[in-house]
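Visitor:
Residue numbers (the UniProt record's numbering): 1 to 472.
Shown next, in the form of structure tokens:
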């Protein structure tokens with residue numbers, strides 16, 4: 001592997017401030033008093049009650065055409081937005097997605113428009129961005145790399161076909177308009193067959209499978225620094241990229257091999273399903289961006305585990321992770337029935353989920369352990385176009401089925417399902433609904449609703465739906 005770049009990887013690579021705090025005993029006392037004052041509102045309720053509507057976890061409603069906010073403390077929805085895309089069923093119906101970074105949330109509609117909204121109120125922020133439509137690889141089954149990424153107060157978009165990269169720094173308090181992203185935010189070009197990610201500090205990292213190049217664009221204040229280019233010795237039809245700490249990790253889907261800044265040679269991922277390089281592509285997804293480590297999380301059809309990304313790592317990846325239990329002898333086409341997703345590192349635990357036709361598999365492996373999956377049945381057509389997503393923000397996690405919109409709170413005992421989407425067809429434009437007053441769930445008693453019982457049907461707007469349903 002060879003590397004070259006316009007900017008060296010020395011002191012100019014990233015600028016991170018070092019804070020020196022010297023606080024006297026008197027100031028500490030003052031801060032304690034101030035904290036006590038602000039810990040209580042005028043009505044006597046603690047501030048942590050306010051925080052229940054200060055972001056939550058955002059999820060996609062799949063075929064319902066909605067987005068929703070999960071109040072993880074109450075294990076239920078506390079806000080629903082329409083405008084995610086066309087509702088409906090069928091293999092050709094694209095599903096919406098949602099990205100979140102603290103108080104910044106961006107909905108991705110079924111027709112690839114980006115819509116930012118206020119995570120606390122659910123109000124739409126004026127303007128939207130049309131993401132360039134990718135020309136995906138045909139005739140092979142892969143987990144599609146990301147073309148939009150959000151993290152560290154940075155929103156990034158890459159044009160898969162041209163490699164053009166756009167980025168915008170966002171206010172950590174939320175509320176930043178994004179409509180001018182493609183007009184004013186172009187930063188560099190990486191090459192064709194491109195994918196993008198953003199690390200926890202907001203640095204943009206993009207890779208081109210065609211050119212074998214990685215471009216890093218460091219976040220600096222309200223803008224970005226000079227791009228750093230690294231040429232890798234590979235070329236193919238598709239590549240994936242993620243961030244581990246402030247380092248990029250690239251997966252060549254042509255060979256099923258991982259490359260990083262601290263590996264001399266590419267490392268193969270076991271079980272990638274890549275036995276015919278140049279014909280098939282590897283069925284592998286790298287982890288969602290996470291903290292610094294000497295390993296990277298990955299997921300295949302067979303398992304979720306770790307691959308080393310430094311030469312001095314003593315982690316061999318054996319017998320650690322989550323085993324899916326998928327039957328590799330099943331003759332049904334993988335593209336129709338089995339979908340992988342990006343695993344999540346939360347503390348010392350690896351969370352992973354698979355969409356297997358009418359079933360969702362999920363598991364958690366903590367420390368140096370190996371775990372099996374649990375099953376979550378999903379009624380309906382066994383042909384699965386979209387997979388599942390482990391939604392993760394500020395240490396909170398839920399599982400979201402991108403096809404049906406089902407949402408599972410992984411912290412609950414027994415029944416994990418908590419979604420209560422509005423009944424009826426959603427409108428085309430984003431509109432805020434308050435599900436707290438909806439009537440009792442009309443779905444079968446086999447699925448338990450966690451909403452407040454005894455409430456009468458009502459909505460926050462006169463034209464909004466009056467019932468909630470558990471779809472799928």
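Idealized CB from N, CA, C, for every residue including glycine.
For residue 399 versus residue 354, is the C-beta distance shorter than 7 Å?
Guide: Not a contact, by the Cβ cut-off of 7 Å.
Visitor: Roughly how many angstroms lie between the CA atoms of residue 51 and residue 146, to the nearest whole one?
Guide: In this predicted model, residue 51 has a pLDDT of only 47, less than 50, meaning its place in the structure is not dependable enough to derive any value.
Visitor: Alpha carbon to alpha carbon, how far is residue 289 from residue 296?
Guide: Rounded to the nearest angstrom, the two C-alpha atoms are 9 Å apart.
Visitor: Should residue 372 and residue 343 be called a contact, given that it needs their Cβ atoms to be closer than 7 Å?
Guide: Contact: no.
Visitor: Once you ignore the five residues that flank residue 203 on each side, which residues in its own chain have a CB closer than 8 Å to its CB?
Guide: 14, 152, 154, 216, 217, 218, 219, 243, 246, listed in sequence order.
Visitor: I'd like the span of the alpha helix (DSSP H) that includes residue 182, first residue to last.
Guide: Run containing residue 182: 181–184, per the alpha helix (DSSP H) assignment.
Visitor: To which residues does DSSP link residue 259 through a beta bridge?
Guide: 250, per the DSSP bridge assignment.
Visitor: Is residue 394 buried or exposed, if buried means 16 or more other CB atoms sit within 10 Å of its CB?
Guide: Flag for residue 394 reads exposed.
Visitor: Count the other C-beta atoms from every protein chain shown that fall within 10 angstroms of the C-beta of residue 411, then say buried if there are 16 or more, exposed otherwise.
Guide: Exposed, by the Cβ-count rule.
Visitor: Between which residues of its own chain and residue 177 is the CB-CB distance below 8 Å, once the five residues before and five after are set aside?
Guide: Contacts found: 116, 125, 126, 127.
Visitor: Are there 16 or more other CB atoms within 10 angstroms of the CB of residue 262, so buried, or fewer, so exposed?
Guide: Exposed, by the Cβ-count rule.
Visitor: Count the other CB atoms within 10 Å of the CB of residue 156; is the residue buried (16 or more) or exposed (fewer)?
Guide: Buried.
Visitor: Opposite residue 168 in the DSSP bridges: which residues?
Guide: DSSP output for residue 168 lists 155 as bridge partner(s).
Visitor: Taking the alpha carbon of residue 103 as the reference point, which residue from 175, 368, 294, 314 has its own alpha carbon closest?
Guide: Closest option to residue 103, Cα to Cα, is 175.
Visitor: To which residues does DSSP link residue 244 through a beta bridge?
Guide: BP columns for residue 244 point to 247, 290.
Visitor: Between the beta-carbon of residue 143 and the beta-carbon of residue 285, is there less than 7 Å?
Guide: Yes, they are a contact pair.
Visitor: Is residue 62 helix, strand or coil by DSSP?
Guide: Helix.
Visitor: Grab me the residues of residue 97's own chain with a C-beta within less than 6 Å of its C-beta, minus the 5 sequence neighbours each way, in chain order.
Guide: For residue 97, where only same-chain residues beyond five positions count, the Cβ hits under 6 Å are 60, 108.
Visitor: Within its chain, find whatever has a CB closer than 7 Å to the CB of residue 201; leave out the 5 residues flanking it on each side and keep chain order.
Guide: Here the set comprises 152, 219, 246.
Visitor: Using the three-state DSSP reduction, which class does residue 300 fall into: helix, strand or coil?
Guide: Residue 300 falls in the coil class under three-state DSSP.
Visitor: With 7 Å set as the bound, which would you pick, yes or no: does the beta-carbon of residue 247 sit closer than that to a beta-carbon of chain D?
Guide: Looking at the structure shown, chain D is missing, and only one protein chain is on hand.
Visitor: By DSSP's criteria, residue 338 is part of a beta bridge. Which residues make up the other side?
Guide: Paired residues: 356.
Visitor: What does the alpha-carbon distance come out to for the pair residue 222 and residue 118?
Guide: Between residue 222 and residue 118, the C-alpha separation is close to 20 Å.
Visitor: Could you give the residue range of the beta strand (DSSP E) that holds residue 213?
Guide: Segment 213–217, the beta strand (DSSP E) holding residue 213.
Visitor: Using the Cα positions of residue 366 and residue 308, report the straight-line distance between them to the nearest angstrom.
Guide: The straight-line gap from Cα to Cα measures roughly 17 Å.
Visitor: Which of the three DSSP states, helix, strand or coil, is assigned to residue 324?
Guide: Coil.
Visitor: Just checking my contact of residue 473 with residue 56 at CB under 8 Å: how many whole Å lie between their CB atoms?
Guide: The first residue shown for the chain is 1 and the last is 472, placing residue 473 beyond what the model contains.
Visitor: My output table needs one value for residue 220: the three-state DSSP class, helix, strand or coil.
Guide: Reduced to three states, the DSSP call for residue 220 is strand.
Visitor: On a CA-only basis, which of 321, 121, 140, 233 is nearest residue 264? Give me that one, please.
Guide: Residue 233 is the option with its Cα nearest to residue 264.
Visitor: So, is residue 72 buried or exposed, given that buried needs 16 or more other C-beta atoms within 10 angstroms?
Guide: By the neighbour-count rule (16 or more Cβ atoms within 10 Å), residue 72 is buried.
Visitor: Measuring straight from C-alpha to C-alpha, what distance separates residue 360 and residue 418?
Guide: Those two C-alpha atoms are separated by around 15 Å.
Visitor: Leaving out five residues on either side along the sequence, give the residues of the same chain with a beta carbon under 8 Å from the beta carbon of residue 249.
Guide: Result list for residue 249: 241, 242, 243, 258, 259, 260, 286, 296, 309, in chain order.
Visitor: Quick one: Cα of residue 11 to Cα of residue 227, how far?
Guide: No answer about residue 11 holds up, because its pLDDT of 38 lies below 50 and its placement is not dependable.
Visitor: In three-state terms, what does DSSP make of residue 231?
Guide: If DSSP states are grouped into helix, strand and coil, residue 231 belongs with the strands.
Visitor: Where does residue 199 fall in DSSP's three states?
Guide: In the structure shown, residue 199 sits in coil (DSSP, three-state: anything other than H, G, I, E or B).
Visitor: Just mark residue 292 as buried or exposed, buried being the case when its beta carbon has 16 or more other beta carbons within 10 Å.
Guide: Exposed is the call here.
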